[in-house]
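Numbered according to this note's numbering, the sequence shown spans residues 57 to 457. One structure is given below, encoded as structure tokens.
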Amino acid sequence: MALLHAHLTSLPDDLLARILAFTAPRDVEAMAVASKTVARHVLPRFPLWKTMFCNRWAMLNFSLDDTIDVEIDARLRALFPSESRMYQLLAHAVTPVPAYADIPATMQYGQGINNTIVALNSDLSVRAVKSRRGREARTSDIAFAGQLLGGDRSVRANTTFPTTFHVQVYKRRVPHTDSKFKYEIGVTASGYFEITIAQREQEQPSRRHLRIGGSDMSSIGVGTPRFRLMDKQPGWDRQSFGYHGDDGRFYHNTGYGQHFGPSFDIGDTVGCGVWRDTQTSHSSVFFTNNGDLIPTGDRDIDYELFGECEGMAGLLANQLQWYTISDFDGESSDSEDDDDMDESSADDEVEYMDADDVQFVVRRIGALYGDDPDFGDMEDVDDSDYIESELEFEDDGGDNE
57 MALLHAHLTS
67 LPDDLLARIL
77 AFTAPRDVEA
87 MAVASKTVAR
97 HVLPRFPLWK
107 TMFCNRWAML
117 NFSLDDTIDV
127 EIDARLRALF
137 PSESRMYQLL
147 AHAVTPVPAY
157 ADIPATMQYG
167 QGINNTIVAL
177 NSDLSVRAVK
187 SRRGREARTS
197 DIAFAGQLLG
207 GDRSVRANTT
217 FPTTFHVQVY
227 KRRVPHTDSK
237 FKYEIGVTAS
247 GYFEITIAQR
257 EQEQPSRRHL
267 RIGGSDMSSI
277 GVGTPRFRLM
287 DKQPGWDRQS
297 FGYHGDDGRF
307 YHNTGYGQHF
317 GPSFDIGDTV
327 GCGVWRDTQT
337 SHSSVFFTNN
347 GDLIPTGDRD
357 IDYELFGECE
367 GMAGLLANQL
377 QWYTISDFDG
387 ESSDSEDDDD
397 MDESSADDEV
407 EYMDADDVQF
417 VVRRIGALYG
427 DDPDFGDMED
437 VDDSDYIESE
447 LEFEDDGGDN
457 E
């Protein structure tokens with residue numbers, strides 16, 4: 057072990073940082089405790105924890121574009137003396153969120169000539185999640201490829217919306233720019249997604265299709281895991297809510313619907329979200345059409361989702377999957393002199409945060425999110441903007457896209 061330790065610490069700092077980037081967060085923390093070189097030279101100099109967070113997010117959800125900046129919400133960032141410490145905490149708290157289309161869930165009903173959904177793109181750059189149906193590519197672009205036009209089929213997300221607080225990453229446009237984006241990391245108990253309807257480019261000569269009834273239309277919504285993906289549109293039963301593009305009507309447990317918003321078709325982008333009231337445990341469903349919240353419109357949905365942990369310190373402590381982290385993580389102050397500290401004194405400094413300490417950190421998160429009443433700007437939203445959900449959400453379940 058002594059020989060291995062000597063060889064490891066004799067590596068250049070940049071090479072050692074690259075090696076540690078492929079290890080588990082707990083292993084890096086253990087190395088910081090065992091090695092003064094890692095704690096005092098590697099971790100402060102290299103964005104190791106940020107890299108590990110991005111890698112873990114890509115493994116469980118979707119990969120982040122390396123050309124786009126990643127930022128932590130200002131309130132989370134203010135909790136710790138450095139972003140490195142914050143990324144250390146976030147690397148432990150990442151959980152799966154709805155991130156891509158689960159085509160096999162639809163295809164399990166049979167692959168007849170009128171029931172074929174194909175992937176137009178698949179993200180193979182990251183390891184796919186192991187599901188009950190085996191490994192699957194992470195698909196975001198899909199199309200109908202059946203020979204018989206007509207019938208009803210839905211595609212759901214890879215996992216349910218979490219019903220508790222969780223870490224989320226949103227891609228947001230940088231203010232006052234047209235084409236520059238950034239990723240923002242925050243904490244939310246809600247969820248939101250969008251679909252864009254496009255004309256499929258023909259990759260082969262068009263073949264003759266037989267229509268068995270109806271007309272082309274798209275819909276968007278949420279439902280429980282019990283919602284049947286074939287022969288139903290979202291909102292036709294009690295297990296789902298739907299916003300339909302052909303008539304712009306809202307549906308829940310009915311085939312008639314009610315007047316709701318504008319219709320949508322090719323070229324439009326529509327969104328659907330679930331809003332959690334963590335104080336009352338009630339949930340609401342909302343929809344957007346080309347960026348406008350229905351019916352008021354002109355809302356910045358993704359930014360609002362970060363404001364809901366206002367005053368929710370107790371729930372944050374119980375629900376968010378924070379792990380205890382070492383207080384000796386390499387975030388040393390400039391006044392400390394490595395040469396004056398021998399190995400024994402370094403060992404004496406190692407202290408771990410107990411459960412009370414972690415809860416105190418989370419209480420600070422809740423307090424900071426509640427300090428600014430403008431964060432989320434939810435006081436201007438009328439109750440009629442949201443549709444109260446009659447679905448019962450359990451701790452071990454959720455609702456699918």
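We treat Cβ as the ideally placed atom computed from N, Cα and C, and that holds for glycine.
Every unbroken stretch of the alpha helix (DSSP H) spanning 4 or more residues and falling wholly within the segment 76 to 119 is given here in chain order: 81 to 90 and 104 to 116. Annotated three-state conformation of Ala161 is helix, per DSSP. Between Asp158 and Arg212, the CB-CB gap stays under 8 Å. Of the candidates Ile322, Gln144, Pro68 and Phe306, Phe306 places its Cα closest to the Cα of Ile350. Taken atom to atom, the span from the alpha-carbon of Phe316 to that of Trp331 is near 18 Å. Per DSSP, the continuous beta strand (DSSP E) segment holding Tyr307 begins and ends at Arg305 to Tyr307. When the five nearest sequence neighbours on each side are left out, the beta carbons in the same chain lying within less than 6 Å of the beta carbon of Thr107 are those of Ala77, in order along the chain. Rounded to the nearest angstrom, the gap between the Cα atoms of Ser66 and Ser91 is 11 Å. Just so you know, the alpha carbons of Ile241 and Tyr226 end up roughly 7 Å apart. As a beta-bridge residue in DSSP terms, Asn345 pairs with Val326 and Asp348. Distance from the CA atom of Thr162 to the CA atom of Ile198, rounded to whole angstroms, is 12 Å.
Looking at the DSSP output, Val223 bridges to Val243. Straight-line measurement puts the Cα of Val150 at about 12 Å from the Cα of Pro218. Shown here, Ala134 sits in coil according to DSSP, grouped into three states, outside any helix or strand. Pairwise C-beta distances place the segment 121 to 140 out of contact with the segment 80 to 94, as fewer than three of them are shorter than 8 Å. When C-beta atoms of the segment 221 to 236 are compared with those of the segment 280 to 300, fewer than three pairs fall below 8 Å, so the two segments do not count as touching. Counting along the chain, no alpha helix (DSSP H) covers Ser274, and no H or E run does either. Judged by DSSP in its simplified three-state form, Ser140 adopts helix. In this structure, DSSP gives Ala201 a state outside helix and strand, which the three-state scheme calls coil.
When the beta-carbon positions are compared, Asp69 and Val89 stay at least 8 Å from each other. When secondary structure is reduced to three states using DSSP, Ala175 falls in the strand class. Following the DSSP letters along the chain, one finds Val126 inside the beta strand (DSSP E) bounded by residues Asp125 to Ile128. Ala73 is positioned such that its CB atom lies closer than 8 Å to that of Phe102.
According to DSSP, residue pairing for Gly298 in a beta bridge involves Gly277 and Tyr307. Contact annotation: Asp303 and Ile253 have beta-carbon atoms that are not nearer than 8 Å. Short of 6 Å from the beta carbon of Val94, and not among the five residues preceding or following it, lie these beta carbons of its own chain, in chain order: Met87 and Ala88.
Note that the C-beta distance between Gly327 and Phe249 is below 8 Å.
Selection Thr215, His338, Phe283 and Asn309 evaluated against Ala155 yields Thr215 as nearest (Cα-Cα). The Cβ atoms of Ala245 and Phe283 do not sit closer than 8 Å to each other.
Around Pro318, the same chain offers Gly304 and Asn345 as residues with beta carbons nearer than 7 Å, after the five sequence neighbours per side are excluded. The C-alpha of Phe342 is placed about 49 Å away from the C-alpha of Arg96. Collapsing the DSSP output to three states places Asp287 in coil.
Cα atoms of Phe320 and Pro290: separation of roughly 15 Å, rounded to the nearest angstrom. The C-beta of Gly277 has 16 or more other C-beta atoms within 10 Å across all chains shown, which makes the residue buried.
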